[in-house]
Structures are given as C-alpha cells and as structure tokens.
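Enquirer:
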Amino acid sequence: MKYRLCQLCRMCQLYQLLWCFLQISFFILIVSATTFGQINHDLKVTLHPDSHRLEVVDKITLPPASTSTEPFHFTLHQGLKPEVLYKDTILRKNFGAEAGKFFRNNPSIQSDNVTLELFEVKLPPGINQFTLKYQGEIFHPIKEYGEEYARSFSVSPGIISPEGIFLSGSSFWYPHFVDELVTFSMDVELPKGWSSVNQGARTKRSTSADSQRDVWVMGKPQEEIYLISAEFTEYGQAAGAVDAMAFLRKPDPQLAQKYLDTTAQYLDMYRKLLGPYPYSKFALVENFWETGYGMPSFTLLGPKVIRFPFILHSSYPHEILHNWWGNGVYTDYEKGNWAEGLTTYLADHLIKEQRGTAVEYRRSVLQKYTNYVTANKDFPLSEFRSRRSAVTEAVGYGKTMMLFHMLRQQLGDQVFIKALNQFYRKYKFKVTSFDDIETTFNKVTDDPLALIFEQWVKKAGAPSLRVHKATAKPQGDGYVLSAIIEQTQETEPYRLKLPIAVHLEGVANAFQTSIDVDTKQHHLKRNFPARPVRLDVDPEFDVFRILDHNETPPAISQVFGAEHVLIILPATAPESFLQGYQDLAKVWQKGRSVQLDIKLDNELDELPTDRAVWLFGWENSFRPMINKALSDYDYVDKEKTIHIDSTELKRDQHTVVIMARHPSNSAYALAWLATDNVAAMPGLGRKLPHYNKYSYLGFTGDEPTNVFKGQWPVVNSPMSIAVLQSDDKEVEPTIAKLAPRVSLAQLPPVFSEARMLQDIKYLASDELAGRGLGTAGLDKAADYIAKQFSDAGLRPCGDGPDDYFQIWTEKVDKPERDVTIKNVVGIIPGTNPEWDGQSVVIGAHYDSHGLGWPDVLAGNEGKIHPGADDNASGISVLLELGRLLGKKWQTKRTIMFVAFSAEEAGKLGSLHYVRQAKKYPVSKIMAMINLDTVGQLGQDALIIFGTHSAREWVHIFRGAGYVTGVPIKQSTIDTGNGDEKSFLDAGVPSVHFFSGARDNYHRPTDTVDRIDTAGLVKTAAVLKEVVEYLAARPEPLTSTLIDTKVTPALQKVQPHKRRRVVLGTIPDFGYTGKGVRLDGVTPDSPAYKVGLQEGDIIARIEDTVIEDLQTFSEVLKALQAGSEITVVFMRDNVELSVTTKVVAR
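The following block contains the structure:
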C-alpha cells in the first residue's frame, strides 16, 4: 500500500511523508509470504465521536487466486480486538519469533502514538472470504509537524472526536494486507446531523430519530480507504456527468457556489485535455483543523485555507488534477514520483500560461533549483518520493515539471496531448513509473526518447550554459552569424534542444528556432538576410538548467538557499529590537543545515565577500551598501522613506524587505530587512519563506500584511548578448518581439463573450441611433435592459414593487426642454436580516451621445455616436454578471444592479438614485462600482479609479488581480467624470472600472468592431471577485471621504463645465506620479503634430504647474479654440518644450 495525499499551498503529500516515515524509520511490514491482487472490503461502520470509538464489521473478499493453504497477514490499529465471524477460519495475533518473519524489528510498531498489531488468518481450503468484527478507540490528537524555514503543519494519522472524524490509510482503521489495491462498499452510521465523505459514490442516505446513515460504493481499485465525517452543510450541482459537491462546517452558500462553479470549470478543461474524469464526484470538504489534502474524488481543506481567495485558481486546480495523475493513475514510488511534477505542469504552470506569465514561472522554477540545490544535495528524479524541503521540492516538483515541458517542446502540443491521453487510458487505476511514461511517449513519436529519460530521470544534476563570441559577418546579400555555446558543468554534456532567438536590424519579430546541442562546445553558424544585432539563448527558459545569477533578479530565495549566511544587526537599535531580530534569525535556522552567524554592525569594518548577508534594521550602518548594490534599478532611499518605481514605503508605516546582489561578489545575495514594529517580526519569520521569488516587499501592521511586492528587472543577462559586427558598423540595439505562444488548454470562461457582444451589438445598433437623451432609441435600450434583468432572475426595484424603472423629469439645455429619464434597477436581495437596508451598488450608464448631443466634436454634428465602448460595454458586463448570479446566488448583503440614464448630461441618473434612495439608503450603501468604458482593454491593465475612497480598496483589487490573473492599475485619481462621482460626493466609497482612453472616445467611430470581448471577460471576472467579497464582508469599508461635498438630501444637479478645446493627448490613467504621463496621442491632433508621444510627462502648460490630471483638465477647460500654449514635458528625464495651438472640440 502507498499513501498518497496532496496538500494545498505547496504542502503536497505531507501524510505520504508520515507513511514513508513509518516504513523506513520503523520498518513496518515486509512483503508477506503470499501476495495476491485486488481485495474488496464490505464495511459496516458505526461511529461514536464523543467516545472516540468506532465499531466495524468488515466482510473481506480476497481474489479467487488467493485460495492458498498458507496463512494471510494483515495489520490493524492497536486495541481494536478483531474477531473472525466465519466458521473454520483461524485468527491469531502474531507474537515474538513468528511475527519477526513479517517485521524487520518487532510486531508492535509505534510512531507518533500509532501502534500497529499484526494478525494471521488461515482460511479453509477453497475459501477466499471471511468477516471480521472489531471495535475500539482511535484518537491521535493533532500535532504540529515542522519543516524547514519555520513552515509547520498540523497533522493527525487518525482521529475520532466531537469536532470531526479523519480516518485514512495511515490510521490503520481497516485491515491492511501487504501492498495491494482495494475496492470497497461502506455503510456508515453516524450521529444525527452528521455526514460522511469518502472517495466512493454515495448510493443511499437516510435519517432516523437519532442517527444518520450513508452508504458508499467504490468499485475502482484504490490505494487506501478514507472516512471523513462532521456536521456538514452539503451543497451540490451537476458538472456534466460529475457531481460537484461542497461539505462545509457552517452554512455558506456563497462560498460553496464559488467552489462548485470553479470545480465545473476545471473538470471540463481537464476532461477535454486528458480524458474522462475517473470518479463520479469531486467534493470540497472543510476540515476542522488547517489542512490542504488531496484525496481521490475530494479535497480536505482547513477553515482558513478554504477562504483564501487565491486558492480557487492556484492550489485547488492542482488537487482536482491529481484525480487524473496520482489518484487516477498511481505512482510507483520506489521508481520515482512522477505525479507531482506532471500535476504541477498541467495545473500550476498551465494557469500561468493562460495568464501570460509562464516564462516568469519557469524562470522561478529554475531559480529555485539554482539557489537551493547544491551538488551534494542533488538526486535523480527516480529517487524522488515526496517534498520534505526546498531541495526536494526544487527537484521533485520543479525538475519533473520541466521534463514534461521539454517533452512538449520536442514533440509539439498535439503529439504531447496524444501521449498524455494514451498514458491515462492505458494505466488508469494502475501503478506506474517513469518507464511506463517513456514507453507510452515513444509510441507516439519517431524520435527515440531513451536518452532524454536517461539524462533527466536517472541522473542528478543539470547543465549550465554560456554563450560568447557572437559575430555577424557580411556575406553576399546577407550575413553570417557565428557564436559559441558552451556547457560549463563539470559532468558530461547533455543532449539539448536549445531555443535561440536572433534579433535582426530593422525587423520587428525575432527569428526563433531550436538547435541540437550535445557537446561541451557548440559552434553556431547560420545565415540571415538582415544584420543580426543580438543573440538570445533559451530566452523563455524552456530548458532545465542552472541559471547564471545575472539571468534572474535578486530574490529572497538566494539568501534562504545560501549555505553560509551572516546576519548583521544594528548596534544602536533598542534591546527589544535586537532580541526580536535574533529570535527571527533562530526561526529561520530551525530545521536547516545552514551556517548562520550573527554580528553587530560595529563589529565589522566591511561586508564579507564569501557568503550571503542579511542587514537588519533601519539604522544599520551598512544600509548604504544596499543603495550601491541597487544603482541600476529604480530605487531611491530617502532615510525615512523608500521609493521603488513611484511607490513610496514609509518607515513609520511599513516593514520593508529589499534584495540586492553583493556589490563585491555578485554570486551572493545582500538583503535588507527593516521595521519599527517588533510585533511584526514573528509574522515575518513565518511569511518571508513563502515570498522566495520576490526582490522587494512592503508590509503593514502586526500580522504583518503584505501591501507591496515585486521583482527587479533582469539586467546584463549573459544569455542575451550583443552581436559584434565584423565590419565595425555601429548598430542600434534592437529588441524584437518573440512569437506569442498558445496555452496547452483554455479554461472555459464563466462569462460569455458572445452574450456580451450581442448586448453591445443591439445597444450600439443604428436602430437605437446612439441612445441620445429623450429619444426612442434610449427608451428601447431601457426596455431591453429591464427584460435582461428579468430573464437573469434579478428582482425589480424601481418606483413600484413590480417595476424595474425609476422615472422622473429633468430640465436640460441645448435646447432647453423637459425630458423623461429612466434608471433601470434590479436587485439580488440579501439573506442576512442584520444587514437589512445595506447594499452594494453596481452601476453603468446606458445613454450615449445620440447624434452628437450634449458634447460633440467639430465635424461630427448629426452623425450617430454608437457608444459601443462608452458605454454599451459597461452595460454588457453588468448584464452578464446578473445572468451569472441572479438565479443561483444567495448573497448575505443586497446587490443592486443599476443602469443609469443621462450620465452624459451631467450624471443626472446617478444623482437621482442618490437623492431618492429609500429602502436601500445612501447611508447604508457599502460601496459603489461604476462600469464605464470597459470595452477596449486589449493587453493593457484594467484601470480602477477612486481607490482613495476607502483604505481597503487597494487590498481588495490586489487580491482580485491575483485570483483572476488580470493585471490591474489602481489610481487614486477622482476624475469626476463618471457616475461614481455622485456616490463619492454622498460619502460612499466608490470606484470606476475603465479600460483606458482611446482615440474613438465620444466619436462616431466608437463602434462594435473595436470591442475586445476577451477584455470584457477579464473585467467581469474582476468585478465578480470584488462583488462577492463586498457582499460577504461583515464590516463596512473604512471610508476616507471625511467631508462629503453634497449631502443626499440637498443634492441638486450640478452645472457641468465642459471642455471646448482639444490638445489630442491620451493620459496614462494608471500613473500616480507628479504631472500627466501620456499613453499616446490621437492622430492629426495638435499634440501629434508637435511630436508629443507615449511616455512623455507633461509638467507645465504656460506658467501653470500640472500636478495631476485634474489640474490638466482645468487648464484645458479655460482655453479657447486657437489659444497658443507652451507645453513643458519630461522625456527620458530630460525637460523639453513645444508650442502649439489647441483646436475646437
């Protein structure tokens, strides 16, 4: 028997460690004299949580071929006192010398208070079935299991308690017959209100006056039998042919729904990629202590882990996939655990690939191996069993993952997928090794793979590379590129398929290919039609290898992976700080073989150059060395503040961690940690090892909470070198684009691009003629939105109980007249009576500019302004979220879906909503989210305006970006242009989702063909995460809107001062520094004609200093058409100026 559990949050197979510990350290059971195949257990189990006891009747059926006259042997948890219920069957407990035949030590093996007993059973001739009856206590209190870097996990091999029940193979709660697969049926009797879970299919559930009964059946061979039980609230929905289930310890329909939806997504993706899911269900099960285990057909998560939002699209898919690899196709651990690496590749790596960050992920995998695995610690993949340290993780997970990546690169995606499919079909529910993988892959390719598996699986180590002497020589009509690529490792050369990229003068896209390298020194020679100016070797980290330290940014893993570390403390720091720093150092040393020394800064004249160095403390006298080491990066130290890429970290608010390379020996790390909060130090000890890939970190509070993190850019990589020109011609350094890659599989989106596009097509159609205020087209849009709300299951919340419309009359100008205006309002009512009247408002305006009213650019009068981006796009996202959540979501706090009218006429719709809110008053609005102009995202980051309005916004959107993989730029700018402004002025924390300014803004060219539907899905994904968080958050947001400008009771329509001129600049709304940075300029505009361009920072117009976008806007509003202005701007840190004339809008 093998014990396979996979633990979330990089805690895979912890229990497997315990099993290996039992086998290796205590020499459990050697192979019985008689071995046989599959065994079936027909179990009737009664559980007594209060007394920690169980009663079992187990009808055991051995394979027909096992009718031997030799006795059989099994192990069982001590104290269960089994009795045999079959006549002529002899059962006896083994003692002394007889037991010694089956144990390497003695018959009672104890580890962590788990004591096993060995029994012998002899059956009558021709009989292969007998029944055991046993009962007793299994109660092993939860204990902490430590690992290096202060990581620790709470474990129990088996526990029956009033809080819950956890029984698995390592509990030995059922008879174990050597190392055989089992099938089972299980009839479980529980206290009333309790439920049970195992890997089987539940065929019956019944309730009596004082008990609960569950019946489970598993007919597919398993490595062990689980039994999990507690007082669960159960949720479920169909995911194709599979039941998606959630078992929670407290009712939480919103959390359950998130997991059920995510389960369905990943089951569908992996089914299409690999083949049918091997079980009838996948269940999320909440444990009663913090765990993250992956079993066949379910995962067992602790109450905190289960609520980490990032788990859904990081570790959770990893556990789902293990049902194909590890819990579907089994691993022969004696020949190497391949399942963790393959699961990592098709889960963790695939998610990064889908989000466009696979290159960085592979680089971090190679960096971890480079930093942690020294030659004396390395081992071949054939010897990997489970993760128990950073070294075993770097090899067993990282190297195995890269093996499969290299196989994919060699075979191509389609052949690689075909091989995976064949391997899965052939070996489902069988024990397999790397040899079986090699055999299967060899059958789908003409290229023999024996050498690949030999060098990567059976041998330790990795190649290290060097490229030099790259030279371009003119020849005929083209050029010849020559270079030398060396393998610099001490061992024999590897056979590599090595990707290269050649950047050619005047060519936008790099030339890319792969070359075969199998010698220590490879001479590259290739002809090109254009001049080669740069050569990159393995630019996207496709080959498993030892990295040169200049290929990676300075990272925390470099100091944690060092074998010799010096920590330097500030001698002038208070005693409490010195003690805190020393305690932190001891925590990091726990469980590690590192040589760690601690000295005060006044004991040293200079930094040693033969080891990694930690500097602790703001007042550390060696702090200037960090400045020296980071001279190539965007880093400024101003004593009480640190500035990194326009982000400011303050000494009185932040704990900072900064990584650099030792200025005197770049092979070693130089790290700086500084805090003025002693209470934060224990938390830093726990958390920092989990941030191993980062170059800089900022934390706040005692916990402490991470608020800022990032990596320095890579500079001076030796694998990307300039090509020398033999004719001595000077060439501009060209950085060409690498070809985009397609991910191996795509996650089915929760949101429909097609539906959202259909919404926009209708709203931006000629039939609606631009949805101008007071027009029939706008009325048709309102009717369409109300119908979509109704179809989605949103309840009406207009002027009447069954009405979606708020209707009123406003006086407008140009020409002056009265118009009837409609807001469209639907809701998902909250279920928490204590939050009655509270709401979260999601809004988007549905009006546009019609034929050019109220604000039209010169020459566009009378033309239809379709308003596809502004703002049919926002309405489409609003409707799509309503469709997803309206009929199945049970929210604790009411969610308002509001389509505002008359935004273009001065936010009249949102002002009316704020004034007239009664049942859900402004004072109880937790937050407002405005979706306005979100249809042209492309590859840009989603911009969020207004995050200054509550302290929590920055953390909420950082989390949403991580969970969804959508890049987000947060801006504290209050543009004052959107409907969120009405809510901000009323004191409601409000934000505005925005995809960026484009050259068709408020123009007839704002058409459907410019819409990026993939960007709409990204926007909707972020919106969903934020809304779900706000709907369940118990506390209100911490508003920073101290003085509201207008109270709801007194709000009137504000005069709308409009800009009459155009300069033609497109601002970078994500920029938070001084001035206005440009994201581009519109064609044929004044800005375009005088040469302003993307990246320029406007610092001054005439004598007015431009502090921010608001200042910039006010200056332009004061100008007349034809006004001549001088624009002072910064470009590449050089001040320049141009003079131009603004033109009429």
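Residue numbers (the numbering used here): 3 to 1147. Backbone N, C-alpha and C define an ideal beta-carbon position, used for all residues, glycine too.
Counting only runs that start and end within the stretch 277-359, where is the beta strand (DSSP E) found for 3 or more residues in a row?
Expert: If we require 3 residues or more, the beta strand (DSSP E) runs fully inside the stretch 277-359 come out as 283-288, 294-297 and 300-303.
Enquirer: Taking just the CA atoms, how far does lysine 1119 sit from valine 1144?
Expert: Per the coordinates, the alpha-carbon of valine 1144 lies some 11 Å from the alpha-carbon of lysine 1119.
Enquirer: Does DSSP put arginine 273 in a helix, a strand or coil?
Expert: Correct three-state label for arginine 273: helix.
Enquirer: Which whole-angstrom value is the C-beta distance of glutamine 259 and tryptophan 891, which I expect to be below 8 Å?
Expert: The pair is a contact, with the Cβ atoms about 6 Å apart (cut-off 8 Å).
Enquirer: Sort Asp212, Ala747 and Ser197 by Cα distance to leucine 275 and report the nearest one.
Expert: Ala747
Enquirer: Might you give, ordered along the chain, the residues of its own chain that have their beta carbon closer than 6 Å to the beta carbon of threonine 235, omitting 5 neighbours on each side?
Expert: Leu250 and Pro253
Enquirer: Starting from the C-beta of isoleucine 162, find all residues in its chain whose C-beta is less than 7 Å away, skip the five residues before and the five after it, and write them out in chain order.
Expert: Leu49, Pro51, His54, Arg55, Leu56, Ile140 and Phe141
Enquirer: Given a threshold of 16 other Cβ atoms within 10 Å of its Cβ, counted over all protein chains shown, does threonine 185 qualify as buried or as exposed?
Expert: buried
Enquirer: Please name the residue in Met721, Ser697, Ala1033 and Asn718 whose C-alpha comes closest to that of lysine 711.
Expert: Ser697
Enquirer: Is it buried or exposed, threonine 822, if we count other Cβ atoms within 10 angstroms and call 16 or more buried?
Expert: exposed
Enquirer: Could you give the first and the last residue of the continuous alpha helix (DSSP H) run that contains proline 465?
Expert: Judged by DSSP secondary structure, proline 465 falls outside any alpha helix (DSSP H); it is assigned neither H nor E.
Enquirer: Return the first residue and the last residue of the beta strand (DSSP E) that valine 814 is part of.
Expert: 807-814
Enquirer: According to the neighbour-count rule (16 or more other Cβ atoms, all chains shown, within 10 Å of its Cβ), is glycine 400 buried or exposed?
Expert: buried
Enquirer: Sorted by chain position, which residues of the same chain lie with C-beta nearer than 6 Å to leucine 1052's C-beta, five sequence neighbours on each side aside?
Expert: For leucine 1052, the predicted structure reports a pLDDT of 38, less than 50, and the residue's modelled location is therefore unreliable. A value from the coordinates is still provided. Nothing listed; no residue qualifies.
Enquirer: I'd like the span of the beta strand (DSSP E) that includes arginine 885, first residue to last.
Expert: First-last for arginine 885: 876-887, but that is the alpha helix (DSSP H), not the beta strand (DSSP E).
Enquirer: Consult DSSP for proline 193 and reduce its assignment to one of helix, strand or coil.
Expert: strand
Enquirer: My output table needs one value for phenylalanine 406: the three-state DSSP class, helix, strand or coil.
Expert: helix
Enquirer: Hey, out of Ser231, Leu183 and Val180, whose CA is closest to leucine 192's CA?
Expert: Per the Cα distances, Ser231.
Enquirer: Extract the residue ranges of the beta strand (DSSP E) inside the stretch 569-626, only unbroken runs of 3 or more that lie entirely within it.
Expert: 597-602 and 614-618
Enquirer: According to DSSP, is methionine 721 helix, strand or coil?
Expert: Note: methionine 721 maps to coil in three-state DSSP.
Enquirer: Between methionine 188 and leucine 64, what straight-line distance do the alpha-carbon atoms span, to the nearest angstrom?
Expert: If you take the alpha carbons of methionine 188 and leucine 64, they lie about 17 Å apart.
Enquirer: Starting from lysine 206, trace the beta strand (DSSP E) in both directions and tell me its first and last residue.
Expert: 203-209
Enquirer: With a CB to CB cut of under 8 Å and the five nearest residues on each side skipped, what residues in its chain are close to threonine 966?
Expert: His315, Lys1020, Ala1023, Val1024 and Glu1027
Enquirer: Rounded to whole angstroms, what's the CA-CA distance from valine 116 to tyrosine 693? Just pull it up for me.
Expert: 35 Å
Enquirer: Judging by CA-CA distance, which residue of Lys763, Arg1147 and Ser792 is the nearest neighbour of threonine 805?
Expert: Going by the sequence as given, residue 805 is aspartate instead of threonine. Aspartate 805 has its Cα closest to that of Ser792, out of Lys763, Arg1147 and Ser792.
Enquirer: Return yes when the Cβ of proline 991 is within less than 8 Å of the Cβ of leucine 1043, no when it is not.
Expert: For leucine 1043 and proline 991, yes; Cβs fall inside 8 Å.
Enquirer: Straight-line CA distance for serine 1139 to phenylalanine 1071?
Expert: 22 Å
Enquirer: Take the Cβ of phenylalanine 455 as the centre, count every other Cβ of all protein chains shown within 10 Å, and call the residue buried at 16 or more, exposed below.
Expert: buried
Enquirer: Can you tell me where the beta strand (DSSP E) holding glutamate 848 begins and where it ends?
Expert: Checking the sequence, you will find tyrosine at residue 848 rather than glutamate. Looking at the DSSP string, tyrosine 848 is not in any beta strand (DSSP E), and its letter there is neither H nor E.
Enquirer: What does DSSP give as the partner residue(s) for threonine 265 in the beta ladder?
Expert: Bridge partners of threonine 265: none, in fact.
Enquirer: State the Cα-Cα distance for the pair proline 66 and tyrosine 281, rounded to the nearest angstrom.
Expert: C-alpha separation (whole angstroms): 26 Å.
Enquirer: Does phenylalanine 546 come out as helix, strand or coil in the three-state DSSP assignment?
Expert: Note: phenylalanine 546 maps to coil in three-state DSSP.
Enquirer: Going by C-alpha to C-alpha distance, which of Ala929, Lys782 and Leu913 sits closest to alanine 1034?
Expert: Relative to the Cα of alanine 1034, the nearest Cα in the group Ala929, Lys782 and Leu913 belongs to Ala929.
Enquirer: Given this structure, state the Cα-to-Cα distance separating leucine 880 from glutamine 1095, to the nearest angstrom.
Expert: 34 Å
Enquirer: Going by beta-carbon coordinates alone, are phenylalanine 579 and aspartate 603 separated by less than 8 Å?
Expert: no
Enquirer: Could you give the DSSP three-state label for valine 397: helix, strand or coil?
Expert: Look at valine 397 here: in three-state DSSP terms it is helix.
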